[in-house]
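Student:
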Amino acid sequence: MGSITLSKVTKSFGEAQVIPPLDLEINDGEFVVFVGPSGCGKSTLLRLIAGLEDVSSGEISIDGVDATSLAPAKRKLAMVFQSYALYPHMSVKKNIAFPLKMAGMDPAEQEKRIANAAKVLNLTDYIDRRPGQLSGGQRQRVAIGRAIVREPEAFLFDEPLSNLDAALRVNMRAEISELHQQLATTMIYVTHDQVEAMTMADKIVVLRAGHIEQVGSPLELYERPRNLFVAGFIGSPKMNLISGAEAAKHDAATIGIRPEHITLSKESGTWAGKVGLAEHLGSDTFSRIHSDELGEITVRTIGDFAIKHGDTVYMTPDMSKLHRFDADGLAIR
Amino acid sequence: MATQHSRSAARLMMAPAVILLLGWMLVPLSMTVLFSFKKYLPMRGGDLGWVGFDNYVRFVSSSAFWPSVQATLLIVGGVLLITVVLGVVLALLLDQPMWGQGIVRILVIAPFFVMPTVSALVWKNMFMDPVNGLLAHVWKFFGAAPVEWLSQASMQSIILIVSWQWLPFATLILLTAVQSLDSEQLEAAEMDGAPVFKRFWYIILPHLARAITVVVLIQTIFLLSIFAEIFVTTQGSFGTKTLTYLIFQRVLESQNVGLGSAGGVYAIILANIVAIFLMRIVGKNLDA
Ligand SMILES: Nc1ncnc2c1ncn2[C@@H]1O[C@H](COP(=O)(O)OP(=O)(O)O)[C@@H](O)[C@H]1O
Ligand SMILES: [Mg+2]
Chain A
3 MGSITLSKVT KSFGEAQVIP PLDLEINDGE FVVFVGPSGC GKSTLLRLIA GLEDVSSGEI
63 SIDGVDATSL APAKRKLAMV FQSYALYPHM SVKKNIAFPL KMAGMDPAEQ EKRIANAAKV
123 LNLTDYIDRR PGQLSGGQRQ RVAIGRAIVR EPEAFLFDEP LSNLDAALRV NMRAEISELH
183 QQLATTMIYV THDQVEAMTM ADKIVVLRAG HIEQVGSPLE LYERPRNLFV AGFIGSPKMN
243 LISGAEAAKH DAATIGIRPE HITLSKESGT WAGKVGLAEH LGSDTFSRIH SDELGEITVR
303 TIGDFAIKHG DTVYMTPDMS KLHRFDADGL AIR
Chain B
1287 MATQHSRSAA RLMMAPAVIL LLGWMLVPLS MTVLFSFKKY LPMRGGDLGW VGFDNYVRFV
1347 SSSAFWPSVQ ATLLIVGGVL LITVVLGVVL ALLLDQPMWG QGIVRILVIA PFFVMPTVSA
1407 LVWKNMFMDP VNGLLAHVWK FFGAAPVEWL SQASMQSIIL IVSWQWLPFA TLILLTAVQS
1467 LDSEQLEAAE MDGAPVFKRF WYIILPHLAR AITVVVLIQT IFLLSIFAEI FVTTQGSFGT
1527 KTLTYLIFQR VLESQNVGLG SAGGVYAIIL ANIVAIFLMR IVGKNLDA
């Protein structure tokens, strides 16, 4: 069991309201990702759920029980911090054992759980080392190990991969996803990286300045962004946003079309433009195309497409994939 | 980078300072060692010739020696205990955000800037004086007979005075250590179910271990040689005669330079043993 409900939760630091009234429903076993630019209040929201910060108003309930003023330790949640927050003077084993020891668990049961966690996370060979003698990825795994031995109702991750290098990040991403499949426990994961959000989440919560902009599955957000902010934030490369005369033709203040929904041609098409930059990756070609009436357009073509700087090309958008937004930035359906 | 030429020039330039420092240390040291092997009574015949290890044997076998070692250890141990315990408590309190933090921190550090002689005199005359002292007034207010601190509780009084002087040092070092603790570690421990006291015991205290070691060793070196506080208060009476004070009495009151010098050599050996430990641990801290 690990369902979490936030109703009308707010948080202010002094005068500044970081989280305006916010409602959110997290179901048992879900992998929920909070995503948004830096400073939008993701960590604050996570810490409110963890109980490390007190809410200014509103209510948090865990498994249907009011947990608003419950101490962090009583909420049965485990957190993995961005800095890992391992205890430097304790061995890996002692680190993982710490929550069990605090709970006064029987030593034999402790041993069993530690051995199990060490096996799952490939830590058996390092079990007697200190955190200082481990690599970043190993430390990350120890932090996760310390969280899983408690068998919590839900896991909270605060940007756990941001201190790792790119290759390791992809690995750990897969490992955490796999762990979620194995444990089937609720996980709340904070990141500013939309790729992490898209690849890991069952449900993405897009935040801006403490507001929830949209909640939905990765594909929902990709296919039906509720507003301009979500449209621009989700997807890589970013959606092309065009305003002005071209948008007016479609009865919208702004239209959006994703780079992968535009077909390039050297002979004919809807819009003409000149190639500014072409990145040939082999599998894809990313081109930045300058068009006088539209501005700068990014286009993604599958496979290689032989163009270079200065060439004139024609772009044809897939009209069924066109997004329209009104003057307030809200999507028109 | 450095050529042969620039290196010898550098040596030449540094030579005066090095020679001065070396002389400053070596001359008194070798004179102490020299005198410790002589019978030397300035007012009673002067230099009476070599006596071998006589002075060393006499110093140790004197009835005042073991009590003085005991008194020294008691003062050093007592002051260390008080300054470390209170220092940790104060450091934790000062780390909390509060109104007027800057001023409070300066007030806490202030005693360190008062000369030992002055602070001992202030304590003796303003606080501990059985007639006019502040403490005497407090006792009288509650209808109790004033305590004659420096004779009835002489050891405790001296430990109190010296602790007051050294508490700021301990607090300052421990405060910087407390501030360097990653707050996420404490939050992680909180989520792991550790209540306040267990967080202190399992997270904060181990984090402070090195700082505490440094405080203990540096203070030990200075506390082994406290003198002014005893000189202006009890003058070594009422069981407060430390090793340092005993040496002082042998040289200046008994006018026995040879015997005092032998005591001095014992003190040098003791201080060096502590210093070696200190260098090791501080050196390790700097490496890590
Ligand atoms: N303890 C605090 N005191 C005051 N302001 C804070 C505190 N913690 C966070 N904030 C502010 O709240 C906002 C959101 O911060 P945070 O939740 O850390 O953002 P994110 O994790 O999304 O980058 C920021 O503007 C930050 O300055
Ligand atoms: Mg953050």
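As they're listed, the protein sequences go chains A and B.
Counting the first sequence from 1 gives a position; my numbering is that position plus 2.
Counting the second sequence from 1 gives a position; my numbering is that position plus 1286.
Beta carbons are placed, not taken as given, at the ideal position from N, Cα and C, and that holds for glycine.
Just so it is clear, the structure is predicted and the values come from calculations on it, not from any experiment.
Return the Cβ separation of B:T1528 and B:T1318 in integer angstroms, given the expectation that the two are a contact with Cβ distance under 8 Å.
Tutor: Walking along the second sequence from the start, residue 1528 of chain B turns up at place 242. Walking along the second sequence from the start, residue 1318 of chain B turns up at place 32. Between B:T1318 and B:T1528 the Cβ distance is about 18 Å, and since that is not below 8 Å, they are no contact.
Student: 8 Å is my cut-off, CB to CB: does A:M202 come that close to chain B?
Tutor: Sequence index remark: in the first sequence, residue 202 of chain A carries index 200 (1-based). Not closer than 8 Å to any Cβ of chain B, the Cβ of A:M202 fails to qualify, so no.
Student: Which parts of the segment 1305-1366 of chain B are runs of the alpha helix (DSSP H), unbroken and 4 residues or longer, counting only runs that do not cross its ends?
Tutor: Fully enclosed alpha helix (DSSP H) runs of 4 or longer: 1340-1347.
Student: Report yes if the CB atom of A:D306 is closer than 8 Å to the CB atom of A:H282, and no otherwise.
Tutor: Indexing the first sequence from 1 puts residue 306 of chain A at position 304. Indexing the first sequence from 1 puts residue 282 of chain A at position 280. Yes. Within cutoff.
Student: Counting beta carbon pairs with one atom in the segment 29-39 of chain A and one in the segment 202-220 of chain A, are three or more of them shorter than 8 Å?
Tutor: With the cut-off at 8 Å, the segment 202-220 of chain A and the segment 29-39 of chain A touch.
Student: For B:P1328, does the count of other Cβ atoms within 10 angstroms reach 16, so buried, or fall short, so exposed?
Tutor: Along the second sequence, one-based indexing puts residue 1328 of chain B at 42. Exposed.
Student: How many whole angstroms separate the CB atoms of A:Y86 and A:R141, which I take to be in contact at a CB cut-off of 8 Å?
Tutor: Stepping through the first sequence from its first residue, residue 86 of chain A is reached at position 84. Stepping through the first sequence from its first residue, residue 141 of chain A is reached at position 139. A:Y86 to A:R141, Cβ: 5 Å. Contact.
Student: Flag A:M317 as yes if its beta-carbon sits less than 8 Å from any beta-carbon of chain B, otherwise no.
Tutor: On the first sequence, position 315 is the one that residue 317 of chain A refers to. With 8 Å as the cut-off, A:M317 does not count as an interface residue toward chain B.
Student: If we cut at 8 Å on Cβ distances, does A:M104 have a partner in chain B?
Tutor: As a working note, residue 104 of chain A is residue 102 in the first sequence. True, the Cβ-Cβ gap to chain B drops below 8 Å.
Student: Taking the alpha-carbon of B:L1360 as reference, which of B:L1510, B:E1515, B:I1559 and B:V1374 has the nearest alpha-carbon?
Tutor: One-based indexing of the second sequence puts residue 1360 of chain B at position 74. Checked all of B:L1510, B:E1515, B:I1559 and B:V1374; the closest Cα to B:L1360 is B:L1510.
Student: Which residues bound the alpha helix (DSSP H) around A:L47?
Tutor: Here residue 47 of chain A is taken as the residue at index 45 of the first sequence, counted from 1. Run containing A:L47: K44 to A52, per the alpha helix (DSSP H) assignment.
Student: Measuring CA to CA, which of A:I309, A:H292, A:R228 and A:V144 is closest to A:M338?
Tutor: Because chain A here runs from 3 to 335, residue 338 of chain A falls outside it and cannot be looked at.
Student: Using only Cβ atoms and a threshold of 5 Å, which residues come within that distance of a heavy atom of ligand 1? Order them by chain position.
Tutor: Matched residues: A:F15, A:V20, A:S40, A:G41, A:C42, A:G43, A:K44, A:S45 and A:T46.
Student: Does any CB atom of chain B fall closer than 8 Å to the CB of A:L54?
Tutor: Here residue 54 of chain A refers to the residue found at position 52 when the first sequence is read from its first residue. Chain B contact via Cβ: present.
Student: Work out the CA separation of B:G1309 and B:A1553 for me, nearest whole Å.
Tutor: In the second sequence, counting from the first residue as 1, residue 1553 of chain B sits at position 267. In the second sequence, counting from the first residue as 1, residue 1309 of chain B sits at position 23. About 20 Å.
Student: Is there at least one non-hydrogen atom of ligand 2 closer than 7 Å to the beta-carbon of A:E55?
Tutor: As a first step, residue 55 of chain A is located in the first sequence; it is residue number 53 there, counting from the start. No, the beta carbon of A:E55 sits no closer than 7 Å to any heavy atom of ligand 2.
Student: So with CB distances below 8 Å, who are the chain B contacts of A:S85?
Tutor: Translated into positions along the first sequence, residue 85 of chain A becomes position 83. The contacting residues are D1468 and E1470.
Student: Going by the DSSP bridge assignment, what does A:A247 pair with across the sheet?
Tutor: The residue you call residue 247 of chain A lines up with position 245 of the first sequence. A:A247 pairs with nothing; no bridge assigned.
Student: In three-state DSSP terms, what is A:G60?
Tutor: For the purposes of this step, residue 60 of chain A is taken as residue 58 along the first sequence, with counting starting at 1. A:G60: strand per DSSP, three-state reduction.
Student: Consider the C-beta atom of A:D108 and the heavy atoms of ligand 2; say whether any pair is separated by less than 7 Å.
Tutor: Reading the first sequence from its first residue, position 106 is the one you call residue 108 of chain A. No; taking the cut-off as 7 Å, the Cβ of A:D108 has no heavy atom of ligand 2 nearer than that.
Student: Is B:D1381 close to chain A, meaning its C-beta is less than 8 Å from at least one C-beta of that chain?
Tutor: Position 95 of the second sequence, counting from 1, holds the residue named residue 1381 of chain B. No, B:D1381 lies away from the interface with chain A (no Cβ there is under 8 Å from its Cβ).
Student: Are the C-beta of B:I1269 and some C-beta of chain A separated by less than 8 Å?
Tutor: Residue 1269 of chain B cannot be examined here, being either before or after the span of chain B that is shown, 1287 to 1574.
Student: Is B:L1493 buried or exposed, if buried means 16 or more other CB atoms sit within 10 Å of its CB?
Tutor: On the second sequence, position 207 is the one that residue 1493 of chain B refers to. It should be noted that the sequence gives His, not Leu, for residue 1493 of chain B. B:H1493 is buried by the Cβ-count criterion.
Student: Near A:A156, which residues of its chain fall below 6 Å by C-beta distance, leaving aside the five closest residues on each side in sequence?
Tutor: Sequence index remark: in the first sequence, residue 156 of chain A carries index 154 (1-based). Within the same chain, A:A156 has close Cβ partners G4, L79 and T188.
Student: By the criterion of Cβ-Cβ separation under 7 Å, what are the contact partners of A:Y89 in chain B?
Tutor: Numbered from its first residue, the first sequence carries residue 89 of chain A at position 87. In chain order: Q1471 and I1489.
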